[in-house]
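Protein chains in written order, with full-length UniProt numbering: chain A, 1 to 235; chain B, 1 to 235.
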């Protein structure tokens, strides 16, 4: 079996969400069933980049993870694109046998049996500003499998007040899953430096919005990797 | 019973450590048995500020928490100074009965029975740059009580490579408790604006240090509140 891989990099810290700060090797799968207006990973999404995706066997990927981590078990994050398009089950089984932990970040549009084997499933339904529409039946199928993972969380990116109110609505229907909110980063060009003050301001904006509403359910976190490295790839 | 309280503020997000991003009301106790060289909360530590500490009953504090949170249960963080100097047991019992969660951040120099009732005990032994010395017997007594809390974690602030190597040593003796590292913030004057780029650079420095050593055990996190609000108090 061959998987299409946009990049494998790390170890570096996870910049966002439930595992923020956690040393991680990232496996970014090529290909996506969505095309969010503000996608920050187009090189793993847009099919015009498909010739840059390396066909790799599970063993190839596992070898690369071991090399980057110098055989020291850590967290491996499967991201994309949408990693659920492909079958990462054999990789997860191989890595777990060696003491590695696996997280997967997906929009929740495709349910996979291997979600059940994860340490962390991050479901990130895309808000209105993305231009995409959530298929809630597919999302619920992901949730059912994710319930067998060690932990399952939901992450929603917020660009504006419309997204924010949508997130409140989504949360009301999914009260039993921990929620993380993340201010959107409108600057996604890897060549453009990101102003840390702008990121700080957006975090402050979202925090004040939720606190003013006395909405205490979600954790609110920035993207640390953008703060440290801007939109540079491979860090 | 009367407690000396330097400030009660929030709700805002927890800026650091295991509960980073979590909506929180902060109760900052006045008084400390340490005097770290880089202390960022001198107004709650140095006895020259003691006249600014308000004597409050447990009921006074509880009333203020309920008012700030509009009676919506959330996490209450007991910090200081060293909150373990005083008896927060009755407050914790009162708040938990109403569905509130309690975290406490302390250096681990004074063990308290009420640690066992916490949702989160954060023990932050101070590294060499603080100018303080850890009493490891007292620290172990804290750990024993903290083992009864819902979760117990360790957080170490890192200012330089000496602190970093000290943290590795401490971790080696406490492998069974999750570790969080946090780059130190050398600028503690509330009147001086903090440069977000400097904070980002320090996070990058600490991340690269640990990754180069293939030390994947700790999570590495910045102080988000300093990023958003600088050293301003009460946010």
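All residues carry an ideal CB built from backbone N, CA and C; glycine is no exception.
Practice task
Select from the segment 191-205 of chain A all residues with a C-beta closer than 7 Å to any C-beta belonging to chain B, and list them in chain order.
Solution key: 196, 197, 200, 203, 204
Problem - CB contact below 9 Å: residue 216 of chain B versus chain A - result: yes
Exercise for the section: Would you check if there are 3 or more beta carbon pairs closer than 8 Å linking the segment 90-100 of chain A to the segment 145-162 of chain A? Expected result: Result no; under three Cβ-Cβ pairs closer than 8 Å.
Exercise for the section: Please name the residue in A/175, A/19, A/112 whose C-alpha comes closest to that of residue 89 of chain A. Expected result: A/112
Problem - Cα-Cα separation between residue 23 of chain A and residue 100 of chain A, rounded to whole angstroms - result: Per the coordinates, the alpha-carbon of residue 23 of chain A lies some 12 Å from the alpha-carbon of residue 100 of chain A.
Practice task
Quick one: using the 10 Å Cβ neighbour count with 16 as the cut-off for buried, is residue 213 of chain A buried or exposed?
Solution key: exposed
Problem - Three-state secondary structure (DSSP) of residue 34 of chain A - result: coil
Practice task
Taking C-beta pairs closer than 8 Å, name the residues in chain A that residue 152 of chain B reaches, listed in chain order.
Solution key: The premise fails here: residue 152 of chain B is roughly 18 Å from chain A at the closest Cβ pair, so nothing lies under 8 Å.
Practice task
With residue 39 of chain B as the anchor, note down where its alpha helix (DSSP H) starts and where it stops.
Solution key: Where residue 39 of chain B is concerned, there is no enclosing alpha helix (DSSP H), given that its DSSP letter is neither H nor E.
Practice task
Just the chain A side, please: which residues come within less than 8 Å of residue 72 of chain B by C-beta, in chain order?
Solution key: 214, 216
Practice task
Would you kindly work out how many angstroms separate the C-alpha atoms of residue 34 of chain B and residue 132 of chain B, rounded to a whole number?
Solution key: Answer to the nearest angstrom: the Cα atoms are 7 Å apart.
Handout entry: Candidates B/2, B/159, B/170, B/68: closest to residue 222 of chain B by CA position
Key = Residue B/159 is the option with its Cα nearest to residue 222 of chain B.
Practice task
In the DSSP assignment, find the alpha helix (DSSP H) that holds residue 90 of chain A and state where it starts and stops.
Solution key: 89-97
Problem - CB contact below 9 Å: residue 69 of chain A versus chain B - result: yes
Handout entry: Check: residue 118 of chain B C-beta below 8 Å from any heavy atom of the ligand FMN
Key = The ligand content of the structure shown is nil, which means the ligand FMN is not present either.
Exercise for the section: Have a look at A/11, A/60, A/122 and flag the residue whose alpha-carbon is nearest the alpha-carbon of residue 19 of chain A. Expected result: A/122
Handout entry: Boundaries of the beta strand (DSSP E) in which residue 55 of chain B is found, first to last residue
Key = 54-57
Handout entry: Run of the alpha helix (DSSP H) containing residue 161 of chain B, from where it starts to where it stops
Key = 161-173
Practice task
Run down chain A in chain order and give the residues with a C-beta less than 8 Å from the C-beta of residue 220 of chain B.
Solution key: The answer, in chain order, is 13, 21, 23.
Problem - Rounded Cβ spacing between residue 126 of chain A and residue 17 of chain A (contact assumed at less than 8 Å) - result: With 8 Å as the limit, residue 126 of chain A and residue 17 of chain A do not qualify as a contact, their Cβ atoms being about 15 Å apart.
Practice task
Look at the alpha carbon of residue 228 of chain A and the alpha carbon of residue 103 of chain A, and state the distance between them as a whole number of angstroms.
Solution key: 22 Å
Problem - Beta-carbon proximity list for residue 162 of chain A, same chain, < 8 Å, skipping 5 on both sides - result: 127, 128, 129
Practice task
Measuring only between beta-carbons, confirm whether residue 227 of chain A sits less than 9 Å from chain B.
Solution key: yes
Handout entry: Pairwise C-alpha distance: residue 119 of chain B and residue 153 of chain B
Key = 11 Å
Handout entry: Enclosing alpha helix (DSSP H) for residue 197 of chain B [first to last residue]
Key = 196-212
Handout entry: Uninterrupted beta strand (DSSP E) stretches inside the segment 119-148 of chain B (no shorter than 3 residues)
Key = 120-123
Practice task
Report the three-state DSSP secondary structure of residue 76 of chain B (helix, strand or coil).
Solution key: strand
Exercise for the section: Could you tell me whether the segment 202-212 of chain A touches the segment 181-188 of chain A, where touching means 3 or more Cβ pairs closer than 8 Å? Expected result: yes
Handout entry: Beta carbon proximity, residue 210 of chain A to chain B, threshold 9 Å
Key = With 9 Å as the cut-off, residue 210 of chain A counts as an interface residue toward chain B.
Practice task
Give every residue of the same chain whose Cβ lies closer than 8 Å to the Cβ of residue 53 of chain B, excluding the five residues on either side of it in the sequence, and list them in chain order.
Solution key: Cβ within range, chain order: 4, 5, 6, 30, 31, 44.
Problem - Three-way DSSP call (helix, strand, coil) for residue 44 of chain A in this model - result: helix
Problem - Proximal residues to residue 179 of chain B (C-beta, below 8 Å), its chain only, five neighbours per side dropped - result: 153, 154, 155, 156, 167, 171, 217, 218, 219
Exercise for the section: Please list the residues of the segment 104-129 of chain A that have a C-beta atom closer than 7 Å to any C-beta atom in chain B, keeping them in chain order. Expected result: Those would be none; no residue qualifies.
Practice task
Would you identify the three-state DSSP class for residue 49 of chain B, choosing helix, strand or coil?
Solution key: helix
Practice task
Could you pull out every residue in the same chain whose Cβ sits closer than 7 Å to the Cβ of residue 46 of chain A, ignoring the five residues on either side in sequence?
Solution key: none
Exercise for the section: Would you mind working out which of A/2, A/14, A/1, A/8 sits nearest residue 208 of chain B, comparing C-alpha positions? Expected result: A/14
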